[in-house]
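Enquirer: Below is the structure I would like to discuss, written out as structure tokens.
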């Protein structure tokens with residue numbers, strides 16, 4: 004099973020949260036896992052990132068880190084499609100909060116800025132059947148409440164905070180920082196998007212890249228540490244339903 008978790012760094016306007024209709028994607032931090040490669044982290048970014056400096060910093064920490072730079076945001080989406088389809092051919096796509104900070108933001112940005120569907124481009128379904136997928140996404144109220152409205156034919160999309168809410172009980176706060184403390188026994192800082200963007204504009208690129216990379220890795224680690232995949236596969240075999248239905252149907 005190949006898994007890919009990612010977090011999106013986008014520009015902000017003042018104290019507002021990033022809006023895909025107006026705010027460009029600056030870089031994408033990801034953590035991928037396959038049995039052959041293990042866990043690999045990296046970023047997809049534009050040419051204004053000092054790739055040599057970033058690579059050296061991670062090498063000094065003995066961390067395998069990939070830096071892929073492209074010319075502009077449009078090429079950034081093309082690089083992401085190549086990462087999903089060719090590099091990993093990921094079976095599972097994950098993000099801690101899909102709609103606002105991960106795959107869903109990218110989907111909305113691709114639609115509003117470039118006029119295409121990202122989910123279509125990374126789908127495993129043949130092209131002439133993809134319009135049905137788009138129509139299903141527009142009216143799928145169940146996914147909006149229970150899983151994620153971002154869905155990709157042939158791949159499983161996991162909204163990590165919803166999965167953790169079912170897997171980890173007794174918490175009043177299901178933020179990534181809270182779950183990292185209780186499940187992973189590690190402390191993760193919390194910053195507002197406007198604070199991170201201010202540090203990015205101030206030239207503190209390494210800090211911001213490391214922050215989003217740690218979040219992508221934490222989401223992947225939470226899924227592995229709680230044995231979501233093992234238990235869900237066992238339940239799917241036992242009841243004769245597909246993997247995603249075990250998590251989403253609730254019956």
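In my numbering, the protein residues as written are 4 to 254. Where is the CB? At the ideal position from N, CA and C, for every residue including glycine. Since this is a predicted model, take the numbers as computed values, not measurements.
1. Can you list, in chain order, the stretches of the beta strand (DSSP E) that have 3 or more residues and sit fully within the segment 66 to 113?
2. Nearest to residue 102 by alpha carbon, out of 22, 36, 46?
3. Could you check which residue in 26, 46, 28 has the C-alpha nearest to that of residue 220?
4. Following the continuous alpha helix (DSSP H) through residue 14, name the residue where it begins and the one where it ends.
5. Secondary structure at residue 188, three-state DSSP: helix, strand or coil?
6. Roughly how many angstroms separate the alpha carbons of residue 202 and residue 27, rounded to a whole number?
7. With residue 166 as the anchor, note down where its alpha helix (DSSP H) starts and where it stops.
8. Going by Cα to Cα distance, which pick from 7, 57, 164, 89 is closest to residue 43?
9. Can you tell me which of the three DSSP states residue 249 falls into?
10. On the DSSP bridge list, what partners appear for residue 45?
11. What separation, rounded to the nearest whole angstrom, lies between the Cα atoms of residue 95 and residue 56?
12. Any contact of the segment 234 to 243 with the segment 7 to 18, i.e. 3+ C-beta pairs under 8 Å?
13. Take the Cβ of residue 208 as the centre, count every other Cβ of all protein chains shown within 10 Å, and call the residue buried at 16 or more, exposed below.
14. Which residues in the same chain have their Cβ closer than 6 Å to the Cβ of residue 139, if we skip the five residues on either side of it in sequence?
15. Out of 67, 13, 250, state which residue places its alpha-carbon closest to the alpha-carbon of residue 170.
16. In three-state DSSP terms, what is residue 228?
17. Suppose you measure from the CA of residue 91 to the CA of residue 67; what does that come to, to the nearest Å?
18. So, at 6 Å on beta carbons, what are the nonlocal neighbours of residue 238 in its own chain, with the 5 sequence-adjacent residues on each side left out?
19. Use the C-beta contact count for residue 87: other C-beta atoms within 10 angstroms, 16 or more gives buried, fewer gives exposed.
20. Within 10 angstroms of its Cβ, does residue 2 collect 16 or more other Cβ (buried), or is it exposed?
21. Apart from the five residues on each side of it in sequence, which residues of its chain come closer than 8 Å, Cβ to Cβ, to residue 31?
22. Using three-state DSSP, classify residue 126 as helix, strand or coil.
23. Residues in its own chain within less than 7 Å of residue 200 by CB, not counting five upstream and five downstream?
24. Rounded to a whole number of angstroms, what is the C-alpha to C-alpha distance between residue 245 and residue 156?
25. Would DSSP call residue 158 helix, strand or coil?
Expert: According to the structure data:
1. 68 to 73, 95 to 98
2. 22
3. 46
4. Where residue 14 is concerned, there is no enclosing alpha helix (DSSP H), given that its DSSP letter is neither H nor E.
5. coil
6. 16 Å
7. 163 to 170
8. 7
9. helix
10. 33, 69
11. CA-CA distance, residue 95 to residue 56, rounds to 31 Å.
12. no
13. Residue burial annotation: residue 208 is buried, with at least 16 other C-beta atoms found within 10 angstroms of its C-beta.
14. Because residue 139 sits at a pLDDT of 47, beneath the cut-off of 50, its placement in the model cannot be relied upon, and the following sentence gives the value as read from the coordinates. Result list for residue 139: empty, nothing under 6 Å.
15. 250
16. helix
17. 16 Å
18. 249
19. buried
20. With the chain covering 4 to 254 only, the question about residue 2 has no answer from this structure.
21. 9, 10, 11, 12, 46, 47, 48, 79, 83, 109
22. In the structure shown, residue 126 sits in coil (DSSP, three-state: anything other than H, G, I, E or B).
23. 14, 15
24. 13 Å
25. strand
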